[in-house]
Amino acid sequence: RKEEPIKKSPLKRKTKKAKNTKKTKEDQLSAEPKISSSPKKKKVITKRQPRGAKRTSKEVTSDGSASESDGESPKPKTASATKAKKVGKATKGVKKAKTSSKDGDKAAKSSPAKKKPAKKADHQRLTERDPIPKLWNPESNPDSYTFTIISWNVAGLRAILRNHPTALSDLATKYDADVICLQETKLQEMHVDDPKLKIKGHLLEEEGYDSHFSCSTTKKGYSGTAVFVKRQEQNNQKKSKKKQATMDSFFGSKKNDETDTSGKKGKQADIATDTTNLIPENVSMELGKEEHDSEGRIISLDFPLFSLSNLYVPNSGQKLDRLDYRTSQWDKDLLEFMQKTEKERGVPVMWLGDLNVAHTAMEVWNEGAKH
């Protein structure tokens, strides 16, 4: 009879083994085999799916059982993981800032650089004027009278009255002018008589001046001349009390301009001459030629002792369109008119205004400009 071997229980083996193997905890942990009763590990299997479909995953355990779930399986969050995410976000932000700054630099390089403003042309250098020599001496002849004439191209009288309403009155009182000649008024006849604009019958009326206007009829807002003449009834009283200015004060040095030119040296005595010599006998606004008289370019005043013409001479144009008209017609007809007036009246003739002539640099107020 064969004896069957005695089967030993696994519990005894374990106890014996535990008795025989008395080691430290570290050795025990390293040498201790994995216990089958540990939690089952899960394997995650993901499948590729077309875009737009939901993402699913299978979890397979060691037993072979599988379970499907939508999206990623939840992972335990730890402090180190959250810190790593924060660091990752910060680094991404820095990278974005760097890339944006690089893009900005590229855009700045690609964009055209701003041009530096060009230097302004030297157009404001005034032409130095020599003092005008006098042909008379008021001090040696106290009974003499200085007749003051002012000429000014206003380039639009309405703009002057709107922006500088007291410019004309200040000019008239400062120099105590007898005649004020204006050119390029750009007025129409309707503007002269318009009560809202207050030109005729209002402008320099309180200062004691009579006004005369010549307007262009062929072109609106074009050329035009005006003349203001002092009324001598009021002039007699003021001239006896106030010192008289001369042409030298108007074209003189800066020192004379800074001070009141009406208080120059040499007193003017009461006018011994007849005041009728200072009143024009006739006022005309024609040159005697139809092709010239429609542009309002001339006003002539015939005083007893001389004739005076205020002119706005036409220029040749930027493209010299009117050069032939200017040289072959206007200049010849003007000279003929002046010679005829001098011969018929037998008195000196003078003309002034904007003559559109610059023979030398002395005729140009801004020598630095192109001319």
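Numbering (this note's numbering), first residue to last: 678 to 1048.
C-beta: ideal position from N, C-alpha, C; glycine also.
| query | result |
| --- | --- |
| Proximity to Glu1059 [Cα-Cα], best of Met1027, Lys877, Lys863 | Outside the shown range of the chain, which is 678 to 1048, sits residue 1059, and nothing can be said about it. |
| Proximal residues to His1064 (C-beta, below 7 Å), its chain only, five neighbours per side dropped | Given that the chain is displayed from residue 678 to residue 1048, the structure contains no residue 1064 and the question cannot be resolved. |
| Backbone secondary structure at Ile809 - three-state DSSP | coil |
| Spatial distance of Gly1030 from Ile975 (CA atoms) | 9 Å |
| Val1034 to Thr902 span [Cα, whole Å] | 18 Å |
| Pairwise C-alpha distance: Asn959 and Tyr989 | 20 Å |
| Element boundaries [beta strand (DSSP E), containing Phe905] | 902-907 |
| Thr953 versus Leu982: straight-line alpha-carbon distance, rounded | 10 Å |
| Other residues of its chain near Cys892: CB distance less than 6 Å, five sequence neighbours each side excluded | Leu864, Gln865, Glu866, Gly901, Gly973 |
| First and last residue of the uninterrupted alpha helix (DSSP H) at Ser846 | 844-852 |
| Separation of Val869 from Tyr899, as counted between CA atoms | 14 Å |
| Residues that DSSP places opposite Ile857 in a beta bridge | Ile827, Phe905 |
| Cut-off 6 Å between Cβ atoms - residues of its own chain near Ile826, not counting five sequence neighbours on either side | Val856 |
| Proximity below 9 Å, CB of Ala849 to CB of Glu882 | no |
| Beta-carbon spacing of Leu874, Leu845 below 9 Å | no |
| Complete alpha helix (DSSP H) runs within the segment 993-1027 (minimum length 4 residues, chain order) | 1008-1022 |
| Test item: CB-CB of Thr1018 and Ser993 under 9 Å | no |
| Buried versus exposed call for Glu816 [16 or more other C-beta atoms within 10 Å across all chains shown] | exposed |
| Chain B contact for Gly965 (CB, 9 Å cutoff) | Although the question refers to chain B, the structure presented lacks it and comprises just one protein chain. |
| Boundaries (first-last residue) of the alpha helix (DSSP H) holding Asp970 | 967-970 |
| Beta-carbon spacing of Val904, Leu859 below 9 Å | yes |
| Integer-rounded CB distance, given that Leu978 should sit under 8 Å from Pro991 | Actually they do not touch by this definition, with Cβ atoms about 21 Å apart. |
| Residues that DSSP places opposite Ser961 in a beta bridge | Ser977 |
| Close beta carbons around Met1015, own chain, < 6 Å, minus the five adjacent residues each side | Val1026 |
| Beta-carbon spacing of Leu812, Ile876 below 9 Å | no |
| Close-in-space but distant-in-sequence residues of the same chain around Phe824 (CB under 6 Å, 5 per side omitted) | Asp855 |
| Short Cβ contact (9 Å threshold) for Leu955 with Gln995 | no |
| CA-to-CA distance, Lys792 to Lys931, given in whole angstroms | Reliability fails at Lys931, whose pLDDT of 40 lies under 50, so the model's placement of it is uncertain and the value that follows must be treated cautiously. So the alpha carbons of these two residues sit roughly 39 Å apart. |
| Cβ pair Asn830, Glu861 closer than 9 Å | yes |
| Beta-carbon gap between Asn987 and Ser828 smaller than 9 Å | yes |
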